[in-house]
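Per the numbering used here, the very first residue in the sequence shown carries number 19; after that it's consecutive. The structure appears below as structure tokens.
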Amino acid sequence: MRITKSMTLGAAAIAAALVLSGCSDSGAGTEPEVDESVEFEAGTTMAELNEAGSITIGTKFDQPLFGLQGLDGEPVGFDVEIGKIIAAELGIAPEDIDWVETVSANREPFIQDGQVDMVVATYTINDTRKEVIDFAGPYYEAGQDLLVLEGNPEGIEGAEYFEENPDAAVCTVTGSTSLANIQEYTSNVLQAETYSACLEPLRRGEVVAVTTDNVILAGLADQNEGEFEVVGNPFTAEPYGIGIEKGDDAFRTFINDVLEEAYEDGRWAEAWEATAGSVLETPEPPAVDRY
Ligand code: GLU
Numbered sequence: 019m020r021i022t023k024s025m026t027l028g029a030a031a032i033a034a035a036l037v038l039s040g041c042s043d044s045g046a047g048t049e050p051e052v053d054e055s056v057e058f059e060a061g062t063t064m065a066e067l068n069e070a071g072s073i074t075i076g077t078k079f080d081q082p083l084f085g086l087q088g089l090d091g092e093p094v095g096f097d098v099e100i101g102k103i104i105a106a107e108l109g110i111a112p113e114d115i116d117w118v119e120t121v122s123a124n125r126e127p128f129i130q131d132g133q134v135d136m137v138v139a140t141y142t143i144n145d146t147r148k149e150v151i152d153f154a155g156p157y158y159e160a161g162q163d164l165l166v167l168e169g170n171p172e173g174i175e176g177a178e179y180f181e182e183n184p185d186a187a188v189c190t191v192t193g194s195t196s197l198a199n200i201q202e203y204t205s206n207v208l209q210a211e212t213y214s215a216c217l218e219p220l221r222r223g224e225v226v227a228v229t230t231d232n233v234i235l236a237g238l239a240d241q242n243e244g245e246f247e248v249v250g251n252p253f254t255a256e257p258y259g260i261g262i263e264k265g266d267d268a269f270r271t272f273i274n275d276v277l278e279e280a281y282e283d284g285r286w287a288e289a290w291e292a293t294a295g296s297v298l299e300t301p302e303p304p305a306v307d308r309y
């Protein structure tokens, strides 16, 4: 938690006590300092959002560590923290963010038709997606892996298993890079709308693995202790970007600047440690790609 300028001494003392007791006043994550004095050039997306005082962000609602809906309806996780950091630099407080659930397949359409101002949702930057939207970032790099039943009864060591065992089915999500990547190895793929929906088919033995980014799988394994394990042999690179409307170069530059500042001043690492860091080691932030 950061002590904001507007906090009174009493509030700061309470905040310090909450930190000492391991509690956060927002329920989870960090409280980025909101830049209330910030000004933007008229006509830019930044000026519009600042003026509106709110922003709509698409994220996952069922992915522990990155975007998981809490009991109060608000999502928590590293993606959520990245969204909060960007909003704060636009002069928008965390409580003024409207979080919208995006699943893998609806991220580009939601950005294209303006249902969201940005998407922060374990969203891999790639050229196909860049044809219809733009990406700031990356702010993290994952790799595709496999989730199997605890004890790995089939002895699955990597994606090649599916090339060698065409009768073995694997579950992943429609509209994801995970689907396109695993299809290089097999056509025996069960497609779900979300990764959490792949867990029951794995439990029932309808598939022998779930495949997607290692950090998503690590979150699902952690959430269902003793049931699953991650194979730990990533076979792709998945740089996570922030999806925005295509052609909004000023907004993209602004977000890239915010990310670099957050790398430098420790907010990025603080965001990681407050969320994904409960299970995963703190990585080095990747270099921003200002294509
Ligand atoms: N990062 C991959 C993607 O953007 C897989 C995870 C996901 O579907 O969110 O497609």
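Just so it is clear, CB atoms sit at the ideal spot from N, CA and C, and this is done for glycine as well.
Three-state secondary structure assigned by DSSP to residue i
{"i": "L298", "result": "coil"}
{"i": "G250", "result": "coil"}
{"i": "E51", "result": "coil"}
{"i": "T293", "result": "coil"}
{"i": "P156", "result": "strand"}
{"i": "D275", "result": "helix"}
{"i": "I73", "result": "strand"}
{"i": "P93", "result": "strand"}
{"i": "L67", "result": "helix"}
{"i": "Q87", "result": "strand"}
{"i": "V134", "result": "coil"}
{"i": "V207", "result": "strand"}
{"i": "Y141", "result": "coil"}
{"i": "V150", "result": "coil"}
{"i": "L175", "result": "For the sequence presented, residue 175 should be read as Glu rather than Leu. Three-state result, E175: coil."}
{"i": "D185", "result": "coil"}
{"i": "E99", "result": "helix"}
{"i": "E282", "result": "helix"}
{"i": "G61", "result": "coil"}
{"i": "P127", "result": "helix"}
{"i": "E107", "result": "helix"}
{"i": "G259", "result": "strand"}
Span of the beta strand (DSSP E), counted from its first residue to its last, around residue i
{"i": "D231", "result": "227-231"}
{"i": "D266", "result": "Here D266 belongs to no beta strand (DSSP E), and DSSP marks it neither H nor E."}
{"i": "Q162", "result": "162-167"}
{"i": "T190", "result": "188-191"}
Residue i: first and last residue of the uninterrupted alpha helix (DSSP H) it sits in
{"i": "T212", "result": "Neither: T212 is in no alpha helix (DSSP H) and is coded neither H nor E."}
{"i": "D114", "result": "Element bounds for D114: n/a, residue is neither H nor E."}
{"i": "T195", "result": "195-200"}
{"i": "L217", "result": "217-222"}
Closest by C-alpha distance to residue i, when choosing among the options
{"i": "P257", "options": "Q241, D275, R147", "result": "R147"}
{"i": "N124", "options": "L220, P301, S194, E168", "result": "S194"}
{"i": "K264", "options": "G71, V118, D131", "result": "D131"}
{"i": "V137", "options": "D163, E99, E113", "result": "E99"}
{"i": "G250", "options": "L83, T62, G161, E302", "result": "G161"}
{"i": "S72", "options": "F79, W117, F84", "result": "W117"}
{"i": "G284", "options": "N68, Y158, P303", "result": "P303"}
{"i": "G109", "options": "P50, D163, V121, T204", "result": "P50"}
{"i": "V226", "options": "D145, Y179, F96, E211", "result": "Y179"}
{"i": "D97", "options": "Y158, N206, D275, E54", "result": "Y158"}
Buried or exposed (CB count within 10 angstroms, at least 16 for buried), residue i
{"i": "G76", "result": "buried"}
{"i": "Y309", "result": "exposed"}
{"i": "L89", "result": "exposed"}
{"i": "G261", "result": "buried"}
{"i": "Q81", "result": "buried"}
{"i": "P171", "result": "exposed"}
{"i": "S296", "result": "exposed"}
{"i": "E243", "result": "exposed"}
{"i": "I70", "result": "Residue identity check: residue 70 is Ala in the sequence provided, not Ile. It is exposed - the Cβ of A70 has fewer than 16 other Cβ atoms within 10 Å."}
{"i": "A236", "result": "buried"}
{"i": "E182", "result": "exposed"}
{"i": "S122", "result": "buried"}
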